[in-house]
Amino acid sequence: MTTYITTPIYYVNALPHLGHAYSTIVADSYGRYKKLCGDQVRFQTGTDEHGEKIAQAAEGKNLSPKEYVDGISAAFRGTWPTLAIEPDNFIRTTDPGHIKTVQDVLQKVYDKGDIYFSEYSGLYCKGCERFLTEKELVDGKCPDHLTAPDEIAEQNYFFRMSNYQDWLINHIKENPEFITPQRYRNEVLSFLSEPLEDLCISRPVSRLTWGIPLPFDEKFVTYVWFDALINYLTGLGYPEGQDFENFWPVAEHVIAKDILKPHAIFWPTMLKSMGVEPYKRLHVHGYWNVDETKMSKSIGNVVRPAELVDAYGVDTVRYFVLREMSFGLDSSFGTEAITARHNSDLANDLGNVFSRCLTMIHKYNGGGVPAVDEAVLTDEDRELIDAIGVMHETYCRSMDEFAFHRALAAVWEIVGRLNKFVVTNAPWELAKDPANTPRLHTVLYILAETLRILALVIKPIMPGASARMEECLTLSDELRSLTLDKGVVWGLTSVGTALSKPAQLFPRLEKKKKKKQVQQPANAEGSGKKKKQEKKSEPVEGVIDFADFLKVELRVAKITAAEKVKKADKLIKLTLLAPEERTVVAGIAKFYTPEELVGKQVIIVANLQPRKLMGETSHGMVLAAKETTPDGEERLVLSTVSDAIAPGSKVS
RNA sequence: GGCGAUGUAGCUCAGCAGGUUAGAGCAUACGGCUCAUAUCCGUAGUGUCCGGGGUUCAAGUCCCUGCAUCGCCA
4 MTTYITTPIY YVNALPHLGH AYSTIVADSY GRYKKLCGDQ VRFQTGTDEH GEKIAQAAEG
64 KNLSPKEYVD GISAAFRGTW PTLAIEPDNF IRTTDPGHIK TVQDVLQKVY DKGDIYFSEY
124 SGLYCKGCER FLTEKELVDG KCPDHLTAPD EIAEQNYFFR MSNYQDWLIN HIKENPEFIT
184 PQRYRNEVLS FLSEPLEDLC ISRPVSRLTW GIPLPFDEKF VTYVWFDALI NYLTGLGYPE
244 GQDFENFWPV AEHVIAKDIL KPHAIFWPTM LKSMGVEPYK RLHVHGYWNV DETKMSKSIG
304 NVVRPAELVD AYGVDTVRYF VLREMSFGLD SSFGTEAITA RHNSDLANDL GNVFSRCLTM
364 IHKYNGGGVP AVDEAVLTDE DRELIDAIGV MHETYCRSMD EFAFHRALAA VWEIVGRLNK
424 FVVTNAPWEL AKDPANTPRL HTVLYILAET LRILALVIKP IMPGASARME ECLTLSDELR
484 SLTLDKGVVW GLTSVGTALS KPAQLFPRLE KKKKKKQVQQ PANAEGSGKK KKQEKKSEPV
544 EGVIDFADFL KVELRVAKIT AAEKVKKADK LIKLTLLAPE ERTVVAGIAK FYTPEELVGK
604 QVIIVANLQP RKLMGETSHG MVLAAKETTP DGEERLVLST VSDAIAPGSK VS
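Numbering follows this note's numbering, with no gaps: position 123 of the first sequence is 126.
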């Protein structure tokens, strides 16, 4: 059996965040799982590097597009190993091989007659650099730039997507698993119930040069989606080769819901047109919110995977995202949530049970795995063993369905049972009387064997923790390399195996509960009932508490560009790095010229709700001090830091 | 405006195709153990299953309607 699993190729206009990490962890874990099932697996991720936004971003940084994308692509590539993500192939749409294949595909589709040249006229907004639909306009103007769009006619190439609409509808209906979870399948079908328009697949070179030239007309480059989707094929050496034959028929794509349409509609019709079978499954997941709100650059609450790994460790991060999110639905990320998962599931349950079991084998049998005495086997023992069989089934079914949270819940059911088993069998009691030795040995064996199986099933999700468990259990290479089917079989641990001392798999994290700090003198009030309801300190007028202060996120930002806002004599539009790029409009035009601002470091409120000022949306606020001089003149001075520091540094 | 999803214990959610006292984890309270990472085990709960109608012997589970939130489309 073979498995081909892909993530989207990530658009290099931003650095990796939790959402990217999630898609990639999912694909990696699924790939590892399939490998553990004995499949030959190919796992691909990469970066998407063409298009208008990239060209703009590069220009904004005074870099050539290629220099710019090289940097961000490397950041993605470098992030994955820190999350124990091991793709077999990392593809870039600027790879020469990819470019050639895209051109071959275009030519093929063109020759088939599915691409035509046509004039398109529409309302083009220079600010957005794209055509707007009538419906998007507000009072006839672009809602973002408040300017009237130009009616322009442009000639472009179009892909006859509409030719394949009926075929696609049928295909989706006949293959219930083609798009999962179902809610997204419904969404696509509902979208397809309306006539499909053809897809514009070119951009004139006059407007954009950063793209793949059309093979049949050099005055145009390829629209990014047409270019990007093909990565899934080029990564396999399409149009020929063993990889393509082995893996394409089993292709499974993991995506987030924002790119559903290109993957569920553009891509299958493109494949159909070029004469390639559609992919097997498309797995669509939801968004990670951060503490109830959307994660976005402008709010400044973007979660960086590297920071998470530093704070919690790779295994915890992988476990958390897979356990916490029901695949397909949105979830919310919060430090309390991940700390709670780490402490309760990983440290208290799995980590602790691992530690206590190994310790007992050391204390009561010198660290060697003792033999089972069939004569003293109880119903309860058999129940535990049976439960492991049930877990195995649920686990596999859930992993196959991308229901990772359910797979993990099933594993933790066994962790819970093992803890109960320890308590009801109390080896420390058995050890007191030599007459109980056969039973003690049997119990200890069950502990060791259950741990071995737990180490095996968590391997795809937490490869590190799994390896540490196997290490302590001193499993042979043979036992470590078993497939699931062969490995989740009772009784494989050999009697006499000498175990190592237990490692602390997941050290507990201290909760940052500042709320519980009580300042009341110990016996100020009479004993009796505990006063559970700690009085909240009375609010004092004009005084905020520390928690309120923490809500304000201050950051150092570097000004990279500044220009006056038209028709506003007080406003200057600033482009800042903090560390990501953002726009902030500041009412400082009377005091500073745009020229003198560029290069300055300022302090901004980074998590202020975005607000529109004279047509520009401001994502934050620049801090400044203001005074009125004795002669009645106003003076304003920007707040800054006393020495150079990395853009985006927090101020507190 | 059209289509769709969701609304269940303080929190996060399970409840598959209608059937006895509605479940799990976390959090809370009390009790127990000592092998263990101040961990674990047991007990205790509380729920107008969003509101209102209806179908049925029987509805959290089906139908209609209203409200709220979200998504897609226009």
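C-beta atoms are modelled at their ideal positions from N, C-alpha and C, and glycine is treated no differently.
In this text the structure is predicted, and so the values were computed from the model without any measurement.
Q: May I have a chain-ordered list of the beta strand (DSSP E) segments no shorter than 3 residues that lie completely inside the region 299-372?
A: 334-336
Q | Own chain residues within Cβ distance below 8 Å of Lys56, not counting five before or after | A | For the purposes of this step, residue 56 is taken as residue 53 along the first sequence, with counting starting at 1. Cβ neighbours of Lys56 beyond the five flanking positions: Tyr14 and Asn16.
Q: Pick out whichever of Leu21, Asp436, Thr10 and Met273 has its Cα sitting closest to the Cα of Val317.
A: If you number the first sequence from 1, residue 317 lands on position 314. Of Leu21, Asp436, Thr10 and Met273, the residue nearest in Cα terms is Leu21.
Q) Under three-state DSSP, which class holds Asn292? A) Here residue 292 corresponds to residue number 289 of the first sequence, with the count starting at 1. DSSP places Asn292 in strand when its eight states are reduced to three.
Q: State the beta-bridge partners of Tyr119 as determined by DSSP.
A: Here residue 119 is taken as the residue at index 116 of the first sequence, counted from 1. According to DSSP, Tyr119 bridges with Phe161.
Q. DSSP state of Gly63, grouped into three classes?
A. Your numbering for residue 63 matches position 60 in the first sequence. Three-state DSSP puts Gly63 in a helix.
Q.
Using a Cβ distance threshold of 8 Å, determine whether the region 96-112 contacts the region 32-42, with at least three qualifying pairs required.
A. The region 96-112 makes no contact with the region 32-42: fewer than 3 CB pairs, one atom from each, lie closer than 8 Å.
Q: Please go through the same chain and pick out, in chain order, the residues whose beta-carbon is closer than 6 Å to the beta-carbon of Ala156, but skip the five residues on each side of it.
A: As a working note, residue 156 is residue 153 in the first sequence. Taken in chain order, the residues that qualify are Glu122 and Ser124.
Q | Classification of Thr453 by the beta-carbon crowding that lies within 10 angstroms, buried from 16 upward | A | Here residue 453 refers to the residue found at position 450 when the first sequence is read from its first residue. Under this definition Thr453 is a buried residue.
Q.
Check whether the region 157-175 and the region 268-282 are in contact - that is, three or more C-beta pairs closer than 8 Å.
A. yes
Q.
In the DSSP output, what is Thr2 paired with across the bridge?
A. As shown, the chain starts at 4 and ends at 655. That puts residue 2 outside it, with no answer to give.
Q | Where Leu487 falls: helix, strand or coil (DSSP) | A | Counted from its first residue, the first sequence places residue 487 at position 484. The answer is helix: DSSP assigns Leu487 an H, G or I state.
Q) Three or more beta-carbon pairs under 8 Å between the region 365-377 and the region 495-510, yes or no? A) yes
Q. By DSSP, does Gly240 sit in helix, in strand, or in coil?
A. Against the first sequence, residue 240 aligns to sequence position 237. The answer is coil: DSSP assigns Gly240 none of H, G, I, E or B.
Q | Endpoints, alpha helix (DSSP H) assigned at Ser642 | A | Start at 1 with the first residue of the first sequence, and residue 642 comes out as number 639. Careful: Ser642 lies outside any alpha helix (DSSP H) and carries neither H nor E.
**Q.** Contacts around Gly240, its chain only, beta-carbon distance under 7 Å, and the 5 residues preceding and following it disregarded
**A.** On the first sequence, residue 240 is found 237 positions in, with the first residue counted as 1. Exclusion of the five residues before and after Gly240 leaves Asp246 and Phe247 as the residues of its chain whose Cβ lies within less than 7 Å of its Cβ.
Q | Whole-angstrom distance between Asp384 and Thr397, CA atom to CA atom | A | Against the first sequence, residue 397 aligns to sequence position 394. Against the first sequence, residue 384 aligns to sequence position 381. Each residue's alpha carbon lies about 20 Å from the other.
(Q) Helix, strand or coil, according to DSSP, for Cys475 in the structure here? (A) Against the first sequence, residue 475 aligns to sequence position 472. Correct three-state label for Cys475: helix.
Q. Looking only at DSSP bridge pairs, what is Gly125 linked to?
A. Residue 125 sits at position 122 when you count from the first residue of the first sequence. Gly125 is bridged to Ile155.
Q.
So, for His395: in the same chain, excluding its five sequence neighbours on each side, which residues have a beta-carbon less than 7 Å away from its beta-carbon?
A. The residue given as residue 395 occupies position 392 in the first sequence. Excluding positions up to five away in sequence, the list reads Val491.
Q) How many Å lie between Glu630 and Ala581 at the Cα? A) By 1-based counting over the first sequence, the position of residue 630 is 627. By 1-based counting over the first sequence, the position of residue 581 is 578. Glu630 and Ala581: Cα-Cα distance of roughly 27 Å.
Q. For Val191, is the classification buried or exposed, using 16 other Cβ atoms within 10 angstroms of its Cβ as the cut-off for buried?
A. Along the first sequence, read from residue 1 onward, the residue named residue 191 stands at position 188. Classification for Val191: buried.
Q: Determine contact between the region 331-345 and the region 59-70, defined as no fewer than three beta-carbon pairs at a distance below 8 Å.
A: At 8 Å Cβ cutoff, the stretches do not touch.
Q: Kindly indicate which three-state DSSP category Asn610 falls into: helix, strand or coil?
A: Position 607 of the first sequence, counted from the first residue, corresponds to residue 610. Assigned with DSSP and collapsed to three states, Asn610 falls in coil, not helix or strand.
Q) What do you get for Glu537, buried or exposed, if any count of 16 or more other CB atoms within 10 angstroms of its CB means buried? A) Start at 1 with the first residue of the first sequence, and residue 537 comes out as number 534. Any answer about Glu537 is weak, because its pLDDT of 26 lies below 50 and its placement is not dependable; what the coordinates show is given next. With fewer than 16 Cβ atoms within 10 Å of its Cβ, Glu537 is classed as exposed.
Q. From Val379, Ile606, Arg471 and His444, pick the residue whose C-alpha is nearest to that of Ala647; which is it?
A. Position 644 of the first sequence, counted from the start, is the residue given in the question as residue 647. Nearest of Val379, Ile606, Arg471 and His444 to Ala647, Cα basis: Ile606.
Q: Using beta-carbon positions only, say whether Thr496 and Arg455 come within less than 8 Å of one another.
A: One-based indexing of the first sequence puts residue 496 at position 493. One-based indexing of the first sequence puts residue 455 at position 452. A contact, by the Cβ cut-off of 8 Å.
Q. Do the region 225-240 and the region 63-78 touch if we need at least three Cβ pairs shorter than 8 Å?
A. no
Q. Of the residues Thr237, Lys283 and Phe405, which one's Cα is nearest the Cα of Leu325?
A. Counting from one through the first sequence, the residue named residue 325 turns up at place 322. Nearest of Thr237, Lys283 and Phe405 to Leu325, Cα basis: Phe405.
Q: Give me the Cα-Cα distance between Ser588 and Ser209, rounded to the nearest whole angstrom.
A: The residue you call residue 588 lines up with position 585 of the first sequence. The residue you call residue 209 lines up with position 206 of the first sequence. Note on residue identity: the sequence assigns Val, not Ser, to residue 588. Cα to Cα, Val588 sits roughly 31 Å from Ser209.
(Q) Quick test of the definition: if touching needs 3 or more C-beta pairs under 8 Å, does the region 22-35 touch the region 5-12? (A) The answer is yes - the region 5-12 touches the region 22-35, with three or more Cβ pairs under 8 Å.
Q. Going by other Cβ atoms of all chains shown within 10 Å of its Cβ, with 16 needed for buried, is Thr381 buried or exposed?
A. The residue labelled residue 381 in the question sits at position 378 within the first sequence. Under this definition Thr381 is an exposed residue.
Q: Can you say whether Ala87 is buried or exposed, counting buried as having 16 or more other CB atoms within 10 angstroms of its CB?
A: Taking the first residue of the first sequence as 1, we reach residue 87 at position 84. Under the 10 Å beta carbon count, Ala87 is surrounded by 16 or more other beta carbons and is classified as buried.
Q: Taking Pro207 as part of the beta strand (DSSP E), name the residues at either end of that continuous run.
A: Numbered from 1 along the first sequence, position 204 holds the residue referred to as residue 207. It spans Ser205 to Pro207 - the beta strand (DSSP E) in which Pro207 sits, taken as one unbroken run.
Q. By DSSP, does Asp230 sit in helix, in strand, or in coil?
A. Indexing the first sequence from 1 puts residue 230 at position 227. DSSP places Asp230 in helix when its eight states are reduced to three.
Q | Bridge-paired residues (DSSP) for Asp51 | A | The residue given as residue 51 occupies position 48 in the first sequence. Beta-bridge pairing links Asp51 to Tyr14.
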